[in-house]
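Asker: Questions regarding the structure given below will be posed in turn.
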Amino acid sequence: MLKSYKTEINPTNEQKQIINRTIGVSRFVYNFYLAYNKEMHEQGEKFMSGMDFSKWVNNEYLPENSDKMWLKEVYAKAVKQSILNAERAFKRFFKGQSKFPKFKKKNRSDVKMYFVKNDAKTVIECERHRIKIPTLGWVQIKEKGYIPTDKIIKSGTVSKIADRYYVSVLVDMLDITPNSANTTDGIGIDLGLKDFAVMSNGTTEKNINKKSAIKKSEKKLKREQRKLSRKYESLKQRNKNLKGEAARQNIQKQVIKVQKLHQKLDNIRTDNINKIVNDLVKTKPIYITIEDLNVSGMMKNKHLAKSVAQQKFFEFRVKLEHKCKQNGIELRIADRFYPSSKLCHKCGNIKKDLKLSDRKYICECGYEADRDYNASLNLRDAKIYKTA
Numbered sequence: 002m003l004k005s006y007k008t009e010i011n012p013t014n015e016q017k018q019i020i021n022r023t024i025g026v027s028r029f030v031y032n033f034y035l036a037y038n039k040e041m042h043e044q045g046e047k048f049m050s051g052m053d054f055s056k057w058v059n060n061e062y063l064p065e066n067s068d069k070m071w072l073k074e075v076y077a078k079a080v081k082q083s084i085l086n087a088e089r090a091f092k093r094f095f096k097g098q099s100k101f102p103k104f105k106k107k108n109r110s111d112v113k114m115y116f117v118k119n120d121a122k123t124v125i126e127c128e129r130h131r132i133k134i135p136t137l138g139w140v141q142i143k144e145k146g147y148i149p150t151d152k153i154i155k156s157g158t159v160s161k162i163a164d165r166y167y168v169s170v171l172v173d174m175l176d177i178t179p180n181s182a183n184t185t186d187g188i189g190i191d192l193g194l195k196d197f198a199v200m201s202n203g204t205t206e207k208n209i210n211k212k213s214a215i216k217k218s219e220k221k222l223k224r225e226q227r228k229l230s231r232k233y234e235s236l237k238q239r240n241k242n243l244k245g246e247a248a249r250q251n252i253q254k255q256v257i258k259v260q261k262l263h264q265k266l267d268n269i270r271t272d273n274i275n276k277i278v279n280d281l282v283k284t285k286p287i288y289i290t291i292e293d294l295n296v297s298g299m300m301k302n303k304h305l306a307k308s309v310a311q312q313k314f315f316e317f318r319v320k321l322e323h324k325c326k327q328n329g330i331e332l333r334i335a336d337r338f339y340p341s342s343k344l345c346h347k348c349g350n351i352k353k354d355l356k357l358s359d360r361k362y363i364c365e366c367g368y369e370a371d372r373d374y375n376a377s378l379n380l381r382d383a384k385i386y387k388t389a
């Protein structure tokens, strides 16, 4: 069984330069592969695979373009993995699973430095407080003892977010077996915007965006974004002189401040999801049922898009699915058209005229309950579902 671990690292200035250079080259090669295949397609030529493109770059392109030899100055496997990632993006587009691949932008795209074992005999060494990464050497880990030192690390990535560096490794957990989880009944979960999750066992998880930590950080983010906007406007009025150069440096500092606040908000929301998932799994239900939400459709509503994005429904589902597999819990996915909110849990009647503003479910049979709680009960008892 493979398990991923991600934690912050504290590289030296020299190591930071190598990471930044490798990420930059990986971004350039990714974009180069997209542009090359796009041009080939427009000319009616055959699509070039990632392996063929890598051979073409090394054997033909670089010998003819000596000014691009800096592509060879970084970790070769990171460059090759970037090409394979671009190929995978193309294949997903061809299969209709995603849109046409987008070009990566500096400081705006998720580009990582990939690393792996150099050969079958060697291992990626890891100690309690540091990890040995190819081309970087030993790098200090901030969260000591988080990555297991007695397991085999298969591969990993180094990423940069808001001027902070992180390592993510894939560890082979050979002796891990799923926990038995058959001590309680099943649980139905109704996800929403008013409350993040209402569960059939009576538990309600509030909307994280209503908490004071989020509100304070969002207010601060607005102020810092206004400062950044004013700095850009001020730069437009300056000439390209020393003052203009100083202004650009100040803009970069302000960009990092904004990025850090975005990262802080994202960390708070992710931490909230992790806690909810862990609390759910600790109850050890036989199964958990959730609804197959049409998140992309909800995002098209301009009045709800921001709230839906902040709730991170998809991330919650992915992490819940992973934890359920790890603990031997069956995760059931009810169809998105299943009338969980309109169905009376007591008599089975469907109330077709139920409005979104109706927060209480009142049935003709005399049954009354909170709308979301009634939906969670119906999800728990759903007979038609698919397993994740």
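The number in the working numbering is simply the position in the sequence shown, starting from 1, with 1 added. Heads up, the beta-carbon is just placed ideally off N, CA and C, and yes, glycines get one too.
Can you give me the Cβ contacts of C364 inside the same chain, cut-off strictly under 8 Å, excluding the 5 residues immediately before and after it?
Answerer: As a working mapping, residue 364 is identified with position 363 in the sequence shown. Once the five neighbours on either side are set aside, the close Cβ partners of C364 are C345, K347, C348, N350, K352.
Asker: Is the separation between the beta-carbon of L332 and that of F314 shorter than 8 Å?
Answerer: Walking along the sequence shown from the start, residue 332 turns up at place 331. Walking along the sequence shown from the start, residue 314 turns up at place 313. In this structure, F314 does not lie closer than 8 Å to L332 by Cβ.
Asker: Looking only at DSSP bridge pairs, what is Y6 linked to?
Answerer: On the sequence shown, residue 6 is found 5 positions in, with the first residue counted as 1. In DSSP, Y6 forms a bridge with V170.
Asker: On the CB-based measure, 16 or more other CB atoms within 10 Å of its CB, does Y233 come out buried or exposed?
Answerer: The sequence position of residue 233 within the sequence shown is 232, counting from 1. Label assigned to Y233: exposed.
Asker: Which residue from M41, K145, L35, G138 puts its Cα closest to that of K7?
Answerer: Counting from one through the sequence shown, the residue named residue 7 turns up at place 6. Among M41, K145, L35, G138, the Cα nearest to that of K7 is on K145.
Asker: F116 to K216, Cα distance in whole Å?
Answerer: What you label residue 116 is simply residue 115 of the sequence shown in a count that begins at 1. What you label residue 216 is simply residue 215 of the sequence shown in a count that begins at 1. A direct Cα-to-Cα measurement between F116 and K216 gives close to 38 Å.
Asker: Since F95 is in the beta strand (DSSP E), which residue starts that stretch and which ends it?
Answerer: Counting from one through the sequence shown, the residue named residue 95 turns up at place 94. It is not in any beta strand (DSSP E) - F95 instead sits in the alpha helix (DSSP H) that spans 77 to 95.
Asker: Answer yes or no: do A383 and T271 have a C-beta to C-beta separation smaller than 8 Å?
Answerer: In the sequence shown, counting from the first residue as 1, residue 383 sits at position 382. In the sequence shown, counting from the first residue as 1, residue 271 sits at position 270. Taking 8 Å as the Cβ cut-off, A383 and T271 do not qualify as a contacting pair.
Asker: Can you give the Cα-Cα distance for S55 and A163, rounded to whole angstroms?
Answerer: Here residue 55 is taken as the residue at index 54 of the sequence shown, counted from 1. Here residue 163 is taken as the residue at index 162 of the sequence shown, counted from 1. Rounded to whole angstroms, S55 to A163 spans 31 Å at the Cα level.
Asker: Distance, Cα to Cα, E15 vs V80?
Answerer: Taking the sequence shown and counting its residues from 1, the one referred to as residue 15 is at position 14. Taking the sequence shown and counting its residues from 1, the one referred to as residue 80 is at position 79. Cα to Cα, E15 sits roughly 20 Å from V80.
Asker: Decide if the region 104 to 116 is in contact with the region 56 to 64; the criterion is three or more beta carbon pairs, one per stretch, under 8 Å apart.
Answerer: no
Asker: Which same chain residues, not among the five before or five after Y368, have their C-beta less than 6 Å away from its C-beta?
Answerer: Position 367 of the sequence shown holds residue 368. Contacts found: C345, K347.
Asker: My output table needs one value for E144: the three-state DSSP class, helix, strand or coil.
Answerer: Locating residue 144 in the sequence shown gives position 143, where the first residue counts as 1. Coil, per DSSP.
Asker: Could you work out which residue in T158, K343, V296 is closest to Q311 when comparing CA atoms only?
Answerer: Counting from one through the sequence shown, the residue named residue 311 turns up at place 310. Checked all of T158, K343, V296; the closest Cα to Q311 is V296.
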